[in-house]
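Just below is one structure, and these are the notes that go with it.
Numbering (our numbering), first residue to last: 3 to 277.
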(Lines of atoms letter the chains of each structure in order from A and count residues from 1; the text may use other names and numbers.)
(Lines give C-alpha, C1' and ligand atoms only; values in the text may rest on other atoms or scores of the structure.)
Protein backbone atom coordinates (compact mmCIF):
# COMPACT_ATOMS: atom_id res chain seq x y z
CA UNK A 1 0.00 0.00 0.00
CA UNK A 2 1.73 3.04 -1.23
CA UNK A 3 2.74 5.85 1.10
CA UNK A 4 2.42 3.83 4.27
CA UNK A 5 5.79 5.10 5.52
CA UNK A 6 5.40 8.77 4.57
CA UNK A 7 4.32 9.80 8.07
CA UNK A 8 6.32 7.44 10.25
CA UNK A 9 6.60 8.99 13.70
CA UNK A 10 9.99 9.70 15.21
CA UNK A 11 11.54 6.94 17.29
CA UNK A 12 11.48 9.11 20.43
CA UNK A 13 9.94 12.36 21.57
CA UNK A 14 12.90 14.16 19.96
CA UNK A 15 10.85 14.77 16.85
CA UNK A 16 10.38 18.52 17.17
CA UNK A 17 10.44 20.53 13.93
CA UNK A 18 13.98 20.99 12.65
CA UNK A 19 15.82 22.63 9.78
CA UNK A 20 17.76 21.02 6.95
CA UNK A 21 21.04 22.06 8.58
CA UNK A 22 19.94 20.52 11.89
CA UNK A 23 18.98 17.27 10.15
CA UNK A 24 22.48 17.12 8.63
CA UNK A 25 24.04 17.83 12.03
CA UNK A 26 22.07 15.00 13.63
CA UNK A 27 23.11 12.52 10.96
CA UNK A 28 26.74 13.43 11.63
CA UNK A 29 26.21 12.68 15.32
CA UNK A 30 25.94 9.36 17.15
CA UNK A 31 22.43 9.43 18.67
CA UNK A 32 20.32 6.86 16.77
CA UNK A 33 16.99 8.42 17.80
CA UNK A 34 18.07 11.82 16.44
CA UNK A 35 19.47 10.21 13.29
CA UNK A 36 16.20 8.34 12.77
CA UNK A 37 14.12 11.51 12.77
CA UNK A 38 16.69 13.43 10.71
CA UNK A 39 16.64 10.80 7.95
CA UNK A 40 12.83 10.78 7.93
CA UNK A 41 12.76 14.59 7.78
CA UNK A 42 15.15 14.82 4.83
CA UNK A 43 13.05 12.31 2.89
CA UNK A 44 9.78 13.99 3.79
CA UNK A 45 11.14 17.34 2.61
CA UNK A 46 12.83 15.75 -0.43
CA UNK A 47 15.99 17.63 0.40
CA UNK A 48 18.22 18.45 -2.58
CA UNK A 49 21.16 19.78 -0.57
CA UNK A 50 24.48 18.30 -1.80
CA UNK A 51 25.24 16.91 1.68
CA UNK A 52 21.94 15.04 1.97
CA UNK A 53 22.67 11.95 -0.15
CA UNK A 54 26.16 11.29 1.30
CA UNK A 55 24.81 11.58 4.84
CA UNK A 56 21.86 9.30 4.10
CA UNK A 57 24.18 6.75 2.49
CA UNK A 58 26.30 6.85 5.62
CA UNK A 59 23.21 6.21 7.72
CA UNK A 60 22.23 3.33 5.42
CA UNK A 61 25.56 1.67 6.15
CA UNK A 62 24.97 1.78 9.92
CA UNK A 63 23.18 -1.53 9.95
CA UNK A 64 24.13 -4.43 12.12
CA UNK A 65 23.77 -8.20 11.86
CA UNK A 66 20.64 -9.80 13.24
CA UNK A 67 21.51 -11.05 16.69
CA UNK A 68 19.50 -11.23 19.89
CA UNK A 69 18.98 -7.64 21.01
CA UNK A 70 21.53 -6.21 18.56
CA UNK A 71 21.14 -3.65 15.84
CA UNK A 72 17.58 -2.61 16.54
CA UNK A 73 18.19 1.15 16.62
CA UNK A 74 20.91 1.09 13.98
CA UNK A 75 18.71 -0.85 11.59
CA UNK A 76 15.81 1.52 12.23
CA UNK A 77 18.06 4.39 11.14
CA UNK A 78 19.14 2.43 8.05
CA UNK A 79 15.52 1.73 7.14
CA UNK A 80 14.59 5.40 7.34
CA UNK A 81 17.68 6.30 5.34
CA UNK A 82 16.61 3.88 2.59
CA UNK A 83 13.11 5.35 2.52
CA UNK A 84 14.52 8.86 2.35
CA UNK A 85 16.87 7.97 -0.50
CA UNK A 86 13.87 6.89 -2.55
CA UNK A 87 12.13 10.22 -1.94
CA UNK A 88 15.19 12.38 -2.59
CA UNK A 89 15.22 10.96 -6.11
CA UNK A 90 18.94 10.63 -6.89
CA UNK A 91 19.39 7.60 -9.17
CA UNK A 92 23.07 7.32 -8.25
CA UNK A 93 22.09 5.60 -4.99
CA UNK A 94 20.63 2.53 -6.75
CA UNK A 95 23.71 0.30 -6.15
CA UNK A 96 23.58 0.94 -2.41
CA UNK A 97 19.84 0.24 -2.31
CA UNK A 98 20.36 -2.98 -4.27
CA UNK A 99 22.87 -4.04 -1.63
CA UNK A 100 20.29 -3.26 1.08
CA UNK A 101 17.76 -5.37 -0.84
CA UNK A 102 19.96 -8.37 -0.06
CA UNK A 103 20.30 -7.56 3.65
CA UNK A 104 19.23 -10.13 6.24
CA UNK A 105 16.99 -7.54 7.92
CA UNK A 106 13.58 -7.95 6.28
CA UNK A 107 12.50 -4.46 7.31
CA UNK A 108 15.47 -3.01 5.47
CA UNK A 109 14.71 -5.13 2.41
CA UNK A 110 11.19 -3.74 2.45
CA UNK A 111 12.39 -0.13 2.72
CA UNK A 112 14.95 -0.66 -0.04
CA UNK A 113 12.36 -2.22 -2.35
CA UNK A 114 9.98 0.70 -1.91
CA UNK A 115 12.80 3.17 -2.53
CA UNK A 116 13.88 1.37 -5.70
CA UNK A 117 10.28 1.46 -6.88
CA UNK A 118 10.05 5.19 -6.25
CA UNK A 119 13.26 5.69 -8.23
CA UNK A 120 11.95 3.57 -11.12
CA UNK A 121 15.22 1.63 -10.98
CA UNK A 122 15.13 -0.86 -13.85
CA UNK A 123 18.34 -2.42 -12.54
CA UNK A 124 16.28 -3.68 -9.59
CA UNK A 125 13.88 -5.78 -11.67
CA UNK A 126 16.13 -8.86 -11.75
CA UNK A 127 16.91 -8.82 -8.00
CA UNK A 128 13.25 -8.24 -7.14
CA UNK A 129 12.19 -11.17 -9.30
CA UNK A 130 14.82 -13.38 -7.67
CA UNK A 131 13.43 -12.65 -4.22
CA UNK A 132 9.88 -13.48 -5.35
CA UNK A 133 10.71 -16.42 -7.61
CA UNK A 134 10.01 -19.08 -4.96
CA UNK A 135 6.36 -18.01 -4.99
CA UNK A 136 3.69 -18.72 -2.41
CA UNK A 137 5.52 -21.64 -0.82
CA UNK A 138 8.80 -19.76 -0.53
CA UNK A 139 8.82 -15.97 -0.47
CA UNK A 140 5.13 -15.89 0.42
CA UNK A 141 5.30 -18.38 3.28
CA UNK A 142 5.62 -17.46 6.94
CA UNK A 143 8.97 -17.44 8.68
CA UNK A 144 9.41 -20.21 11.29
CA UNK A 145 7.52 -19.34 14.48
CA UNK A 146 6.55 -15.91 13.15
CA UNK A 147 3.64 -14.30 11.30
CA UNK A 148 6.15 -12.46 9.11
CA UNK A 149 6.57 -13.66 5.57
CA UNK A 150 9.98 -14.84 4.40
CA UNK A 151 10.11 -11.87 2.04
CA UNK A 152 8.36 -8.47 2.22
CA UNK A 153 6.22 -9.53 -0.73
CA UNK A 154 3.90 -6.55 -0.71
CA UNK A 155 6.78 -4.09 -1.11
CA UNK A 156 8.64 -6.23 -3.65
CA UNK A 157 5.56 -6.62 -5.85
CA UNK A 158 4.58 -2.96 -5.63
CA UNK A 159 8.13 -1.97 -6.58
CA UNK A 160 7.88 -4.03 -9.77
CA UNK A 161 4.66 -2.26 -10.66
CA UNK A 162 6.15 1.16 -9.96
CA UNK A 163 9.26 0.44 -12.04
CA UNK A 164 7.02 -0.46 -14.95
CA UNK A 165 8.90 -3.16 -16.88
CA UNK A 166 6.03 -5.22 -18.31
CA UNK A 167 8.03 -8.24 -19.44
CA UNK A 168 6.46 -11.70 -19.42
CA UNK A 169 8.82 -12.87 -16.67
CA UNK A 170 7.65 -10.02 -14.43
CA UNK A 171 3.95 -10.73 -15.01
CA UNK A 172 4.44 -14.47 -14.52
CA UNK A 173 6.22 -13.91 -11.20
CA UNK A 174 3.53 -11.59 -9.85
CA UNK A 175 0.40 -13.49 -10.91
CA UNK A 176 0.65 -16.38 -8.40
CA UNK A 177 0.42 -13.85 -5.57
CA UNK A 178 -3.17 -13.11 -6.60
CA UNK A 179 -3.92 -16.37 -4.74
CA UNK A 180 -2.04 -15.51 -1.55
CA UNK A 181 -4.06 -16.02 1.61
CA UNK A 182 -3.32 -12.45 2.75
CA UNK A 183 -5.56 -9.90 1.03
CA UNK A 184 -2.94 -7.14 1.22
CA UNK A 185 -0.62 -9.28 -0.91
CA UNK A 186 -3.44 -9.94 -3.36
CA UNK A 187 -4.10 -6.19 -3.53
CA UNK A 188 -0.43 -5.46 -4.23
CA UNK A 189 -0.37 -8.07 -7.00
CA UNK A 190 -3.54 -6.73 -8.65
CA UNK A 191 -2.21 -3.18 -8.42
CA UNK A 192 1.11 -4.09 -10.03
CA UNK A 193 -0.53 -6.08 -12.82
CA UNK A 194 -2.93 -3.22 -13.53
CA UNK A 195 -0.02 -0.79 -13.66
CA UNK A 196 1.98 -3.02 -15.97
CA UNK A 197 -0.76 -4.11 -18.38
CA UNK A 198 -3.68 -1.71 -18.06
CA UNK A 199 -6.01 -4.71 -18.29
CA UNK A 200 -9.35 -4.05 -16.51
CA UNK A 201 -9.50 -7.58 -15.09
CA UNK A 202 -6.80 -6.65 -12.56
CA UNK A 203 -8.73 -3.53 -11.61
CA UNK A 204 -11.75 -5.72 -10.90
CA UNK A 205 -9.66 -7.62 -8.36
CA UNK A 206 -9.07 -4.35 -6.52
CA UNK A 207 -12.74 -3.40 -6.70
CA UNK A 208 -13.64 -6.72 -5.09
CA UNK A 209 -11.27 -5.91 -2.22
CA UNK A 210 -13.14 -2.64 -1.64
CA UNK A 211 -15.97 -4.90 -0.41
CA UNK A 212 -13.76 -6.86 1.99
CA UNK A 213 -15.08 -7.10 5.58
CA UNK A 214 -11.78 -5.86 7.05
CA UNK A 215 -11.31 -2.08 7.04
CA UNK A 216 -7.54 -2.44 6.68
CA UNK A 217 -8.02 -4.29 3.40
CA UNK A 218 -10.50 -1.74 2.06
CA UNK A 219 -8.03 1.01 2.93
CA UNK A 220 -5.24 -0.78 1.08
CA UNK A 221 -7.37 -1.26 -2.02
CA UNK A 222 -8.28 2.44 -1.97
CA UNK A 223 -4.63 3.45 -1.86
CA UNK A 224 -3.70 0.96 -4.57
CA UNK A 225 -6.42 2.21 -6.91
CA UNK A 226 -5.24 5.76 -6.32
CA UNK A 227 -1.63 4.78 -6.94
CA UNK A 228 -2.57 3.32 -10.31
CA UNK A 229 -4.98 6.14 -11.21
CA UNK A 230 -7.67 3.77 -12.51
CA UNK A 231 -10.54 6.18 -13.12
CA UNK A 232 -13.16 3.47 -13.61
CA UNK A 233 -12.98 3.02 -9.85
CA UNK A 234 -14.63 6.37 -9.09
CA UNK A 235 -18.07 5.11 -8.07
CA UNK A 236 -16.81 2.07 -6.10
CA UNK A 237 -14.42 4.38 -4.23
CA UNK A 238 -17.28 6.71 -3.35
CA UNK A 239 -19.35 3.77 -2.03
CA UNK A 240 -16.56 2.16 -0.01
CA UNK A 241 -17.08 1.95 3.74
CA UNK A 242 -13.91 3.80 4.75
CA UNK A 243 -12.84 7.22 5.95
CA UNK A 244 -13.54 10.15 3.63
CA UNK A 245 -9.96 11.29 4.11
CA UNK A 246 -8.70 8.09 2.48
CA UNK A 247 -11.27 8.31 -0.29
CA UNK A 248 -9.97 11.82 -1.02
CA UNK A 249 -6.41 10.54 -1.25
CA UNK A 250 -7.51 7.80 -3.65
CA UNK A 251 -9.50 10.24 -5.79
CA UNK A 252 -6.56 12.62 -5.89
CA UNK A 253 -4.54 9.73 -7.29
CA UNK A 254 -7.14 9.25 -10.02
CA UNK A 255 -6.84 12.94 -10.90
CA UNK A 256 -3.04 13.06 -10.85
CA UNK A 257 -2.18 9.69 -12.38
CA UNK A 258 -5.19 8.69 -14.45
CA UNK A 259 -6.60 9.69 -17.80
CA UNK A 260 -9.77 9.18 -19.81
CA UNK A 261 -13.26 8.86 -18.36
CA UNK A 262 -14.64 9.98 -16.04
CA UNK A 263 -13.25 13.46 -16.66
CA UNK A 264 -11.07 15.38 -14.24
CA UNK A 265 -13.97 17.77 -13.65
CA UNK A 266 -16.21 14.92 -12.48
CA UNK A 267 -13.45 13.61 -10.20
CA UNK A 268 -12.92 17.04 -8.65
CA UNK A 269 -16.67 17.38 -8.06
CA UNK A 270 -16.64 13.99 -6.30
CA UNK A 271 -13.78 15.21 -4.11
CA UNK A 272 -15.72 18.37 -3.23
CA UNK A 273 -18.69 16.24 -2.13
CA UNK A 274 -16.45 14.43 0.38
CA UNK A 275 -15.10 17.60 1.95
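All residues carry an ideal CB built from backbone N, CA and C; glycine is no exception.
Item	Value
My parser needs the alpha helix (DSSP H) runs of 4 or more residues fully inside the segment 61–137; what are they?	74–90, 96–103, 108–121 and 127–134
Residues in the same chain with beta-carbon distance under 8 Å from residue 144, minus the five sequence neighbours each way, listed in chain order, please.	150, 151 and 152
Is the number of C-beta pairs between the segment 75–95 and the segment 133–140 that are closer than 8 Å three or more?	no
Residue 221: buried (16+ other C-beta within 10 angstroms of its C-beta) or exposed?	buried
At 4 residues or longer, and completely inside the segment 145–187: list those alpha helix (DSSP H) runs for me, N to C.	155–165 and 170–176
Check residue 251 in the structure and name its three-state DSSP category.	helix
Which residue's Cα is closest to the Cα of residue 197: 264, 122, 217 and 219?	122
8 Å is my cut-off, CB to CB: does residue 274 come that close to chain C?	The chain labelled as chain C is not found in the depicted structure, where only one protein chain is given.
Roughly how many angstroms lie between the CA atoms of residue 305 and residue 22, to the nearest whole one?	With the chain represented from 3 up to 277, any question about residue 305 goes unanswered, as that position is not in the structure.
Check for me: the alpha helix (DSSP H) holding residue 239 runs from which residue to which?	236–241
Decide if residue 218 is buried, meaning its Cβ has at least 16 other Cβ atoms within 10 Å, or exposed.	exposed
Taking just the CA atoms, how far does residue 275 sit from residue 188?	30 Å
For residue 44, which residues in the same chain have their Cβ closer than 6 Å to its Cβ, ignoring the five residues on either side in sequence?	25, 54 and 86
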